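Encoded as structure tokens, the structure appears first; notes follow it.
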Amino acid sequence: MKLDKTKPIRRIAIFFLYDKDGIVDDYIPYLLRDLVKNLEQLVFVSNGPLTAESKAKLAEFSPVILERENTGLDVWAYKEAMLSVGWEKLAEYDEVVLLNYTLMGPVHPFKEAFDEMANRNVHFWGLTRHYGLPFDPWKSCKYGYVPMHIQSSFMVFRSDFIQSKAFQHYWETVPLVRTYAESIGWHEAIFTEDFTRMGFKSDVYVNTDDLKDYHEYPMMLYPRELVEHRACPVFKRKVFYNIYNEYIEVSPGQAARDLYQFLEQKTDYDMNLIWDVLLRTAHMADIKERMQLNYILPDEIRLPDEKPDLKAALFLHIYYPDQIEWCLRYAKNTPEDMDIFISTDGEDKKKAIETVFYALSDRNVKVVLIENRGRDVSALLVGFRPYIMDYDVVCSAHDKKTNYFNPFIIGESFAYHCFENVLGSKEYVLNVLKTFKDNPRLGLLTPPTPNFGPWASLPGNEWLINYDATKRYARELGITVPMSNSAAPIAPLGTIFWFRTKALALLFDQNYAYEDFPVEPTRVTDGTIMHSLERIYPFAAQQAGFYSAWVMTLSYCQLEITNYHKITKDYHVAFAGKIGFEGREYYLSLINKGDALNKEVLLESALKAKAKKLILKIAGPRGLNKAASVWRKIK
Numbered sequence: 279m280k281l282d283k284t285k286p287i288r289r290i291a292i293f294f295l296y297d298k299d300g301i302v303d304d305y306i307p308y309l310l311r312d313l314v315k316n317l318e319q320l321v322f323v324s325n326g327p328l329t330a331e332s333k334a335k336l337a338e339f340s341p342v343i344l345e346r347e348n349t350g351l352d353v354w355a356y357k358e359a360m361l362s363v364g365w366e367k368l369a370e371y372d373e374v375v376l377l378n379y380t381l382m383g384p385v386h387p388f389k390e391a392f393d394e395m396a397n398r399n400v401h402f403w404g405l406t407r408h409y410g411l412p413f414d415p416w417k418s419c420k421y422g423y424v425p426m427h428i429q430s431s432f433m434v435f436r437s438d439f440i441q442s443k444a445f446q447h448y449w450e451t452v453p454l455v456r457t458y459a460e461s462i463g464w465h466e467a468i469f470t471e472d473f474t475r476m477g478f479k480s481d482v483y484v485n486t487d488d489l490k491d492y493h494e495y496p497m498m499l500y501p502r503e504l505v506e507h508r509a510c511p512v513f514k515r516k517v518f519y520n521i522y523n524e525y526i527e528v529s530p531g532q533a534a535r536d537l538y539q540f541l542e543q544k545t546d547y548d549m550n551l552i553w554d555v556l557l558r559t560a561h562m563a564d565i566k567e568r569m570q571l572n573y574i575l576p577d578e579i580r581l582p583d584e585k586p587d588l589k590a591a592l593f594l595h596i597y598y599p600d601q602i603e604w605c606l607r608y609a610k611n612t613p614e615d616m617d618i619f620i621s622t623d624g625e626d627k628k629k630a631i632e633t634v635f636y637a638l639s640d641r642n643v644k645v646v647l648i649e650n651r652g653r654d655v656s657a658l659l660v661g662f663r664p665y666i667m668d669y670d671v672v673c674s675a676h677d678k679k680t681n682y683f684n685p686f687i688i689g690e691s692f693a694y695h696c697f698e699n700v701l702g703s704k705e706y707v708l709n710v711l712k713t714f715k716d717n718p719r720l721g722l723l724t725p726p727t728p729n730f731g732p733w734a735s736l737p738g739n740e741w742l743i744n745y746d747a748t749k750r751y752a753r754e755l756g757i758t759v760p761m762s763n764s765a766a767p768i769a770p771l772g773t774i775f776w777f778r779t780k781a782l783a784l785l786f787d788q789n790y791a792y793e794d795f796p797v798e799p800t801r802v803t804d805g806t807i808m809h810s811l812e813r814i815y816p817f818a819a820q821q822a823g824f825y826s827a828w829v830m831t832l833s834y835c836q837l838e839i840t841n842y843h844k845i846t847k848d849y850h851v852a853f854a855g856k857i858g859f860e861g862r863e864y865y866l867s868l869i870n871k872g873d874a875l876n877k878e879v880l881l882e883s884a885l886k887a888k889a890k891k892l893i894l895k896i897a898g899p900r901g902l903n904k905a906a907s908v909w910r911k912i913k
């Protein structure tokens, strides 16, 4: 039925939240502030207790707050909330709205959607549609496939629908869901189809029918399109940390980045609302990957900007006298008004440094004597501690001499990798400072994980043997942000990096002493407190509310692209020699099988590859597609 717009429309909304810490992040009151303009009553249901501060945030909306056990996920939260109000009371409203914390916004007023949908002759409606799948990836849907359905993160039910026996029976008998797969298969994926088959009418506010052949989930893969051009009032919080496979299998991965850029540049939405919840609840590795947090900065030209109004300094540790000239070369790339602090462990070295750095005699250069214990890490956290917090942004560097690899060019190349991407040129350093100025939530900039020589195995193995110790240290420091052995630390492996001092204040407040570090000489190359602290930096920044990112010069990025293409090509060719040219997902699925490297499996795959080539040669692409279709049916 259509709504009678000649009289006030009565609405009640049930807002569902699950947060393991019972926190209502600020994006929720922001969303509710606009939503309640269209409501008569709000019911807030939480799967778990809320903090006192969170309850206070909700007070302005005068909601009924239901705190329940964390059982049944969203389905049972909605069920119990509706039953607590009662069917008779709910039927008094023209519309009952169910929505949840997975949505952020609004970018457009909710009123626009409510006004438009009031003209539609429907029993229930939503904002967006999922176009279903011809199979059931969760193995929980009674249809054996995923029907097209209205997404359950925002659904609206009309009074006549609420009063129907079918609707009430559905909710009274919906089984207790225990997993995400059951929530999808037992409720979200079937609700629309079930009631459509019973004769009830539904629709969505955001029409994406023209996109259904592009992807079944436009809200996740086309978020900017929906918000910018189709007046969708909300976007999914998960866009910024979702499974990256969902992006890379069908696109270059631009969805989250493009949405963020639109929100930042074209709307008045407070970007801090996004950062606050992401940095508290998501893995930094996931955020970095989905949001493409890679800053590729020019090293030959300066980006348009007035002089960055950030007080900055270079903190440089030098242990090897033969590296002083190398360090001077890069120190010269800092602006003239940027202070330079140098640490070393002996008077002779100090004099040698002062002699070489006389080339910067017109600069504020200070050489500090420290103990030879803890290397560059103790130099930063102990030796330089009295000076660090006087600055807004700091570059931390040290002489990078790695001579346990032969030939020595390997170690030198690691130093080149680190220094070029941190202090590559005068223009580049100014561009780095501008990047910190333009991105107030940026806490740490580090060169990318090296991928050449003996470090070729590091991508995907960034923790090495340091995860357990790092996590233990982090928890001792009160760092509670997510950490996982399967999520890489966005850490400065090589400890040459830029950071905002506020981001690492937690570490400088610890009053580390030289005695906290191993006695030199130590020939241990991994697993020390230095290696743990090296990986703690991004987590300390995240705890303080700042994100970490990779930074590269434009010149170095040329090398990086070539190297990653070479690595990908070599792996691809190696697989192809055994099983034929296939896609990334196929290779991974084969490897993940217990007997993936079994000769029989490889033989079967090789025969399939040869069969494909033969069919393609004889019957062409159409014949190959037809043969593939027949094979799938046989299987």
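Last residue of the sequence shown? That's 913 in the working numbering, and every number before it is there in order. Glycine is no exception: its CB is placed at the ideal position from the N, C-alpha and C atoms. Owing to the predicted nature of the structure, the values given are computational and were not obtained by experimental measurement.
What does DSSP give as the partner residues of residue i in its beta bridges?
i, result
"residue 808", "Answer is none; residue 808 lacks a bridge partner."
"residue 354", "DSSP output for residue 354 lists no bridge partner at all."
"residue 778", "671"
"residue 493", "Its beta-bridge partners do not exist; DSSP assigns none."
"residue 480", "402"
"residue 663", "Partner(s): none; residue 663 has no beta bridge."
"residue 433", "376, 404"
"residue 291", "320, 375"
"residue 676", "595"
"residue 345", "324"
"residue 590", "671"
Would you kindly work out how many angstroms separate the C-alpha atoms of residue i and residue j, rounded to a whole number?
i, j, result
"residue 720", "residue 710", "11 Å"
"residue 807", "residue 558", "25 Å"
"residue 363", "residue 387", "27 Å"
"residue 534", "residue 787", "35 Å"
"residue 794", "residue 754", "14 Å"
"residue 631", "residue 643", "10 Å"
"residue 286", "residue 352", "30 Å"
"residue 381", "residue 308", "11 Å"
"residue 438", "residue 400", "10 Å"
"residue 708", "residue 384", "36 Å"
"residue 575", "residue 776", "14 Å"
"residue 838", "residue 497", "32 Å"
"residue 770", "residue 583", "27 Å"
"residue 792", "residue 748", "19 Å"
"residue 831", "residue 302", "40 Å"
"residue 730", "residue 846", "13 Å"
"residue 911", "residue 365", "Low local confidence applies: a pLDDT of 46 at residue 911 is under 50, so the model's placement there is unreliable, with the coordinate-based value given in what follows. Each residue's Cα considered, the two are about 47 Å apart."
"residue 536", "residue 762", "27 Å"
"residue 824", "residue 310", "26 Å"
"residue 686", "residue 773", "20 Å"
"residue 266", "residue 331", "With the chain covering 279 to 913 only, the question about residue 266 has no answer from this structure."
"residue 255", "residue 848", "No statement about residue 255 is possible, as the shown extent of the chain runs from 279 to 913 and does not include it."
"residue 293", "residue 741", "39 Å"
In chain order, what residues of the same chain lie with their CB nearer than 7 Å to the CB of residue i, ignoring the 5 residues before and after it?
i, result
"residue 474", "480"
"residue 757", "817, 818, 821"
"residue 798", "650, 651"
"residue 617", "591, 642"
"residue 588", "670, 671, 711, 714, 715"
"residue 516", "380"
Can you find the residues in the same chain that come closer than 6 Å, C-beta to C-beta, to residue i, ignoring five residues on each side of it along the sequence?
i, result
"residue 726", "828"
"residue 564", "519"
"residue 396", "281, 283"
"residue 874", "Bear in mind that a pLDDT of 49 at residue 874, under 50, signals an unreliable position, so the model cannot answer this."
"residue 595", "621, 654, 657, 676"
"residue 663", "786"
Note down, in chain order, each residue of its chain lying with its Cβ closer than 8 Å to the Cβ of residue i, except the 5 sequence neighbours on either side.
i, result
"residue 522", "531, 564, 567, 568"
"residue 915", "Nothing can be reported for residue 915: it is not among the residues displayed for the chain, which extend from 279 to 913."
Please indicate yes or no: does the CB of residue i lie closer than 8 Å to some heavy atom of the ligand GTP?
i, result
"residue 508", "Looking for the ligand GTP in the displayed structure turns up nothing, as the structure carries no ligands at all."
If we count Cβ pairs, one from each stretch, closer than 8 Å, do we get three or more for the stretch 402-412 versus the stretch 446-465? Judged by Cβ distances under 8 Å, the stretch 402-412 makes no contact with the stretch 446-465, as fewer than three pairs qualify.
Given 8 Å as the limit, is there contact between the stretch 792-812 and the stretch 551-568, that is, 3 or more CB pairs closer than that? Touching, no.
Is there contact between the stretch 372-380 and the stretch 332-339, where contact requires at least three CB pairs shorter than 8 Å? Between the stretch 372-380 and the stretch 332-339 there are fewer than three inter-stretch CB-CB distances shorter than 8 Å, so the stretches are not counted as touching.
Which runs of the alpha helix (DSSP H) at least 4 residues long sit entirely within the stretch 819-857? Give them in chain order. With a minimum length of 4 residues, the continuous alpha helix (DSSP H) runs that stay inside the stretch 819-857 are 832-857.
At a cut of 8 Å, does the stretch 670-687 reach the stretch 593-607 through at least three beta carbon pairs? A contact exists between the stretch 670-687 and the stretch 593-607.
Given 8 Å, three or more beta-carbon pairs between the stretch 312-329 and the stretch 431-448: Per the Cβ contact rule, the stretch 312-329 is not in contact with the stretch 431-448 (fewer than 3 Cβ pairs under 8 Å).
Pair every Cβ in the stretch 490-503 with every Cβ in the stretch 528-544, then say whether three or more of these pairs are closer than 8 Å. With a cut-off of 8 Å on Cβ pairs, the stretch 490-503 is in contact with the stretch 528-544, counting three or more such pairs.
Beta strand (DSSP E) runs contained entirely in the stretch 609-638, provided each spans 3 or more residues: Taking only runs of at least 3 residues, the beta strand (DSSP E) segments lying wholly in the stretch 609-638 are 617-622.
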